[in-house]
Amino acid sequence: MKLINQIIWITALLWSANPAVAGNKAAWLDSFKTANEHYQNNNYQAALKGYQIILNQGYESADLYYNLGNAYYKQNEYALSIWAYEKALLLKPDFEEAKVNLELANRTVTDKVQPMPRIAWWYYWQKIKQLFTVKTWTILSIIGAWLLAAGLFFLLNSRKHALKRTGIYLSFIGFAFAVFCGAIAMNKNHLMHNPHAAIVTTSNVYVKSAPEEESADLFVIHSGLKVSLEDAIGSWQKIKLADGKMGWVSTDDIKPL
Amino acid sequence: MVRLLAILPILLCSLPIRAQEIRFLVEANKKTITLGNTITLTYKFIGGNATDFRPPKLVDIDYASYVTQGMEVRQFNNNVTRAVTFSFSIKPRKTGEFEIPPATVMYQGNRMESDKITIKVLDKSEAEKGIYEQIAENVFVKAYLSKNNVYLGEQVKLTFKLFKKVNMPIAELNYKSVPEYDGFWKEVLQDNRNFEMKEELIDGERFQTGILESVILFPQKTGEVVIDPYVMHAKIPYQTKRRGYPSIFDDFFGQVKYYDYDLSAPAIKIDVKPLPPGKPHDFSGLVGEFTFNAALTDTQVEIDDAVTLNIEVAGQGNLKLIKPWELEFPSGIEDYPTKTHDNISTSSGLMSGSRRFEYLMFPRREGIFKLPAIRFSYFDVEQEKYVSFSENDLSFKVGKGTNVNTVESVGGQHATIQNDVDFINNDIQFIKFNNINLFPMGYSAFLSAPHIAFTLAPFGLLFLLVFVRKKKEEEAKDVVGTKMKRATSLAKKRLQTAGKLLDEGNEDAFYNEVSRAVFGFLSHKFAIKESEMSKAFALKKLQEAGLPQELIDKCEKLIDDCEFARFAPGPKGGVARNIYQNAVEVISNIENKLARQ
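Protein chains in written order, with the numbering used here: chain A, -15 to 241; chain D, 24 to 620.
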């Protein structure tokens, strides 16, 4: 049994800890700390630049986005700070400081959009999804798989009738748990890697009725507003507001999450 | 004339006809007219009797009357000149210069042509233009704009002033249209209600002047904003003259007519620039130049004593735009509605002065009270940048006071007034700097290697566990195999027992045990039934198993020694130990050899 565990661990380590990546990561972690020092010395410009360089190098974390958001906020770039806080909360839904700061940043947004009411279970689903990160949901689904295996073990290996029955129940529960948590993890993972929302970054944007410059202006939105993304054609993106208003904007005017 | 005409026939008959120079002339009563008026043309034929008058063929000119024929006789120095006259009126249809072609008459059988005449027809306005130019020089409205390129919200002063030459007669002066100032927030300095005129000397000429309207404007939209002109309507009297153009300075005789004249300053354009980007979050909307001051009247008071916070903004700009700060006082302070004190003046022509807000507070608890940060920012037009002020460190200390604080008692227990923990300032939470981490972008725990490995692991484990158990069961079913496996351990146990017996000196039991160990081992190892067990059979089995002869001989000797010692009387001493060692050696050797095969 020890051998199997070792094999798993070694595979896992080999997979995730590419030595080249690991070496760079330590270096970038250092520059992350340097940027934080800049921030602590009220040198927000330098801190901002530092965070951006790390992002450009292909590294991210909820902390990095959160600090980036703070630096933007201190530079009065509220729309971009909203974007950064939203990114941080995507990676870490229970990030309390990011929630507080996002609310403060959202006070600077001009547009007030009344969200369209949804059916009740949709809110429950969102609440449940927001409970844990992708990682936690994945671990939970792994636990489910173990329960299923344990249940099957009792079912196959035990001679006593009572134990066999317990095994059946356990495997059912384990299976359901693994599938449920796995589905949430998959859904969240999908949303994270395929942006479905964006923040308006231009101070005011005329939303068009069609993906053409000549088309009619439907309404105006302002920087900092969160919009959901629908279709995209070339440099045009169809957006939808929380109240259901839809239209086309240039991709230059928004920053996808 | 009438009388003259009446006696003409008599004269014609009585006077002798004398040879005369013959002429055919044309005269007009005026040569320049305005459009719509008529000219009377008179053709005179002197020196004979002309017949068959044919008026000229006219283009763009209408005949305004019929041709009337007459006779004119002039007499001087006994010379009598007789002329036949033909007169009629014409009315030009358009402006311009017209040459009237000659008219013709028959005289003594010949057709004679008259002279030509040129007339000038002017437009009515063209004719009056002269006078309007004259008027414009003598009475006019001028607009004064303090600045025509401003920032959004920056104040500009606009004044409309009326100028009139002292000797300029004006019968009436009315306001026709006043600008609306669309796109501006205005502050009126002076309007036409208190209009009065003063005398002023401009370039050596005496003028009467008066301010019609003076306003301070605060642009509310960007781009080129146009202010409508200020228009006044004047009636200027004049007297008509018989000839030439009328003049306004003529004496008043006869009929007085009026010119209607609109005085207006041209439309004013103001270029309004938007405020540059980078607006502070707490931007007040003020544009100009200001100073800011926030102070407390006291910093050390007793409970229930009043403390006043004064916030004052002073400077030049739209001070009336400032609204009181909405301050969130710490709990334990009772605050009263804000009072606003204005000291705003426009006497300098621009809005300047100060506005002060007075916040009256009554602390109801002792302790140190820190007031929230008070921030103010405006756009400075001189420096062309945003200027921010902030007062963060206002605090005062409240002592216990002489009056004993009444502790509210609820249900006999001391009740503390509980307050929520409120934010004093809205600032963001600090950055994270402990336990920070980074991940490669796009990394996800879902479907990562550990995820897959850990998900598959329990099933692998399950498979192994089930497999091992199944194998055990198989082995349990194989009795012979089990026995063979157990042979060695049984033999070892017996030998151990034998060793103990030897130590105790129980030799009979010792030999018995050794021989049982050897036979037991052999019977289990080679699956020999107990009934078939004999020395010869066992040795045969050993040979069949292909063991070396040496080992078989050793085994035979061991069995023989055991048998011999068992049944031979008397003490055997060292022999027993020798046999024990041989037994261990033989059993382990056979075991090893068999295991190798």
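For each residue, glycine too, the CB sits at the ideal point set by N, CA and C.
Same chain only: Cβ atoms within 6 Å of residue i, ignoring 5 sequence neighbours per side
i                       : result
lysine 616 (chain D)    : Leu570
threonine 65 (chain D)  : Glu50, Thr108, Ser110
alanine 31 (chain A)    : Ala19, His22, Tyr23, Ala55
leucine 86 (chain A)    : Tyr69
glycine 372 (chain D)   : Lys180
methionine 24 (chain D) : Below a pLDDT of 50, predicted positions are generally treated as unreliable, and methionine 24 (chain D), at 48, falls in that range; the measurement from the model is reported next regardless. For methionine 24 (chain D), where only same-chain residues beyond five positions count, there are no Cβ hits under 6 Å.
alanine 7 (chain D)     : Outside the shown range of chain D, which is 24 to 620, sits residue 7 (chain D), and nothing can be said about it.
tyrosine 409 (chain D)  : Pro303, Ser400, Phe402
Nearest residue (CA-CA) to residue i, options the options
i                       : options                                : result
arginine 149 (chain A)  : A:Ala160, A:Phe159, A:Leu136, A:Phe161 : A:Leu136
glutamine 24 (chain A)  : D:Ser471, D:Phe453, D:Leu224           : D:Phe453
threonine 363 (chain D) : D:Leu373, D:Ser354, D:Leu344           : D:Leu344
valine 93 (chain A)     : A:Ser219, A:Asp237, A:Ile205           : A:Ile205
arginine 105 (chain D)  : D:Val128, D:Asn133, D:Gly70, D:Asn60   : D:Gly70
alanine 561 (chain D)   : D:Glu203, D:Thr331, D:Ile613           : D:Ile613
serine 611 (chain D)    : D:Phe544, D:Asp584, D:Ala568           : D:Phe544
proline 300 (chain D)   : A:Glu214, A:Gly218, A:Ser219, A:Ser187 : A:Ser187
leucine 484 (chain D)   : A:Ala133, A:Phe116, A:Glu80, A:Leu209  : A:Ala133
glutamate 407 (chain D) : D:Ile158, D:Gly311, D:Asp214, D:Val324 : D:Gly311
tyrosine 190 (chain A)  : A:Ile152, A:Ile238, A:Phe164, A:Arg91  : A:Ile238
leucine 286 (chain D)   : D:Tyr155, D:Val103, D:Met384, D:Arg216 : D:Tyr155
Pair within 9 Å by beta-carbon distance, residue i and residue j
i                           : j                        : result
serine 654 (chain D)        : leucine 394 (chain D)    : With chain D running from 24 to 620 in the structure shown, residue 654 (chain D) is simply not present.
lysine 455 (chain D)        : aspartate 78 (chain A)   : no
phenylalanine 306 (chain D) : tryptophan 348 (chain D) : no
alanine 63 (chain A)        : threonine 185 (chain A)  : yes
leucine 181 (chain D)       : isoleucine 250 (chain D) : yes
leucine 513 (chain D)       : alanine 480 (chain D)    : no
leucine 235 (chain D)       : tyrosine 253 (chain D)   : yes
leucine 140 (chain A)       : leucine 154 (chain A)    : no
phenylalanine 626 (chain D) : isoleucine 84 (chain D)  : Outside the modelled stretch of chain D, which goes from 24 to 620, sits residue 626 (chain D), for which no answer is possible.
alanine 521 (chain D)       : tyrosine 603 (chain D)   : yes
leucine 241 (chain A)       : isoleucine 183 (chain A) : yes
glycine 218 (chain A)       : methionine 464 (chain D) : no
isoleucine 66 (chain A)     : alanine 89 (chain A)     : yes
threonine 141 (chain D)     : lysine 258 (chain D)     : no
methionine 255 (chain D)    : valine 164 (chain D)     : yes
lysine 210 (chain A)        : serine 199 (chain A)     : no
Neighbour-count burial assignment, residue i, 16 or more Cβ in a 10 Å radius
i                           : result
valine 609 (chain D)        : buried
alanine 42 (chain D)        : Confidence at alanine 42 (chain D) is low in this model, with a pLDDT of 48, below 50, so the placement of that residue should be treated as unreliable; the coordinate-derived value is given next. So alanine 42 (chain D) ends up on the exposed side.
asparagine 341 (chain D)    : buried
glutamine 221 (chain A)     : buried
glutamate 61 (chain A)      : buried
glycine 228 (chain A)       : exposed
alanine 438 (chain D)       : Any reading at alanine 438 (chain D) must be qualified, since the residue scores a pLDDT of 45, below 50, and its modelled position is unreliable; no value is offered.
methionine 374 (chain D)    : buried
alanine 146 (chain A)       : exposed
aspartate 526 (chain D)     : exposed
alanine 559 (chain D)       : exposed
proline 386 (chain D)       : buried
serine 432 (chain D)        : Unreliable positioning characterises serine 432 (chain D) in this predicted model, as indicated by a pLDDT of 37, which lies under 50. The coordinate reading is nonetheless provided below. Exposed, by the Cβ-count rule.
histidine 180 (chain A)     : exposed
glutamate 197 (chain A)     : exposed
methionine 100 (chain A)    : exposed
lysine 495 (chain D)        : exposed
isoleucine 391 (chain D)    : exposed
phenylalanine 402 (chain D) : buried
Chain-order list of residues whose beta-carbon lies under 7 Å from that of residue i (same chain, five-residue window excluded)
i                          : result
aspartate 294 (chain D)    : Asn171, Asn172, Glu247
phenylalanine 16 (chain A) : Ile38, Leu48
leucine 565 (chain D)      : Ile575, Cys578
Residues of its chain near residue i, where Cβ-Cβ distance is below 8 Å and the 5 sequence neighbours each way are ignored
i                           : result
phenylalanine 469 (chain D) : none
glutamate 553 (chain D)     : Ser546
arginine 589 (chain D)      : Asp531, Tyr534, Asn535, Ser538
alanine 87 (chain D)        : Thr61, Phe111, Ser112, Ile113, Lys114
Handout entry: Chain-ordered residues of the stretch 458 to 479 of chain D with a beta carbon less than 7 Å from chain A
Key = Ile459, Asn460, Leu461, Phe462, Pro463, Met464, Gly465, Ser467, Ala468, Phe469, Ser471, Ala472, Pro473, His474, Ala476, Phe477, Thr478
Exercise for the section: Could you run through the stretch 289 to 323 of chain D and flag, in chain order, every residue whose CB is less than 9 Å away from some CB of chain A? Expected result: Pro300, Gly301, Lys302, Pro303, His304
Handout entry: Members of the stretch 72 to 96 of chain A near chain D, C-beta cut-off 7 Å
Key = Glu81, Val84, Asn85, Leu88, Thr92
Exercise for the section: Please name the residues in the stretch 105 to 133 of chain D whose beta-carbon is closer than 9 Å to at least one beta-carbon of chain A, in chain order. Expected result: none
Handout entry: Residues from the stretch 131 to 143 of chain A in contact with chain D, defined by Cβ distance under 9 Å
Key = Leu131, Leu132, Ala133, Ala134, Leu136, Phe137, Leu140, Asn141
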